[in-house]
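Asks: Residue numbers (the UniProt record's numbering): 1 to 142.
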């Protein structure tokens, strides 16, 4: 595997000093010093959507979130992954998508598997069965 695709919560933890996993995210990120890491449109847009929402505990205006995201993406090792897969791809077991909450995770797992990278997440209960190699590409941030 050549790097980690960070999920929305992992990126938020890196840019929000009040996030519950902020220190944990930074410790893991620092331990990788310059190793390849990735974001994609779904993750970037999700970060802006969540952090700029008025009910987010440390809400910030979208331009501020975008600036934080741009600063993070300027760090060594960042490689942007364009949307290059679809949940309509025949390799995705769509019959195993049982809840709307699984859609984004399944997409990110599929994208990670397609690029031979790991999906870095704090989520310890991610459903991986809709993507053939889903359990092999999910990485729980320590």
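Beta carbons: idealized from backbone N, C-alpha and C, even for Gly.
Is residue 45 closer than 8 angstroms to residue 16 when the C-beta atoms are compared?
Replies: Counted from its first residue, the chain shown places residue 16 at position 16. Counted from its first residue, the chain shown places residue 45 at position 45. Their beta carbons are not under 8 angstroms apart, which means residue 16 does not touch residue 45 by this criterion.
Asks: Please give me, in chain order, every unbroken run of the alpha helix (DSSP H) with length at least 4 that falls completely inside the UniProt domain "PIN" (5 to 129).
Replies: 8 to 15, 22 to 31, 41 to 51, 62 to 73 and 103 to 114
Asks: Span of the alpha helix (DSSP H) holding residue 137?
Replies: Reading the chain shown from its first residue, position 137 is the one you call residue 137. Looking at the DSSP string, the run of the alpha helix (DSSP H) that includes residue 137 is 134 to 137.
Asks: Among the candidates 134, 42, 128 and 66, whose CA atom is the shortest distance from the CA of residue 6?
Replies: Numbered from 1 along the chain shown, position 6 holds the residue referred to as residue 6. Closest by alpha carbon: 42.
Asks: Within 10 angstroms of its Cβ, does residue 14 collect 16 or more other Cβ (buried), or is it exposed?
Replies: In the chain shown, the residue the question calls residue 14 occupies position 14. Residue environment for residue 14: buried (at least 16 other C-beta atoms within 10 angstroms of its C-beta).
Asks: Give the single residue among 67, 114, 3 and 102 whose Cα lies nearest to the Cα of residue 127.
Replies: Locating residue 127 in the chain shown gives position 127, where the first residue counts as 1. Taking only the C-alpha atoms, the option nearest residue 127 is 102.
Asks: Tell me the rounded alpha-carbon separation between residue 132 and residue 22.
Replies: Mapped onto the chain shown, residue 132 falls at position 132. Mapped onto the chain shown, residue 22 falls at position 22. The alpha-carbon atoms of residue 132 and residue 22 are separated by roughly 31 angstroms.
Asks: Near residue 51, what residues of its chain come up, given a Cβ to Cβ distance below 7 angstroms and the 5 sequence neighbours on each side ignored?
Replies: Start at 1 with the first residue of the chain shown, and residue 51 comes out as number 51. So the list reads 12, 16, 59, 60 and 65, once near-sequence residues are dropped.
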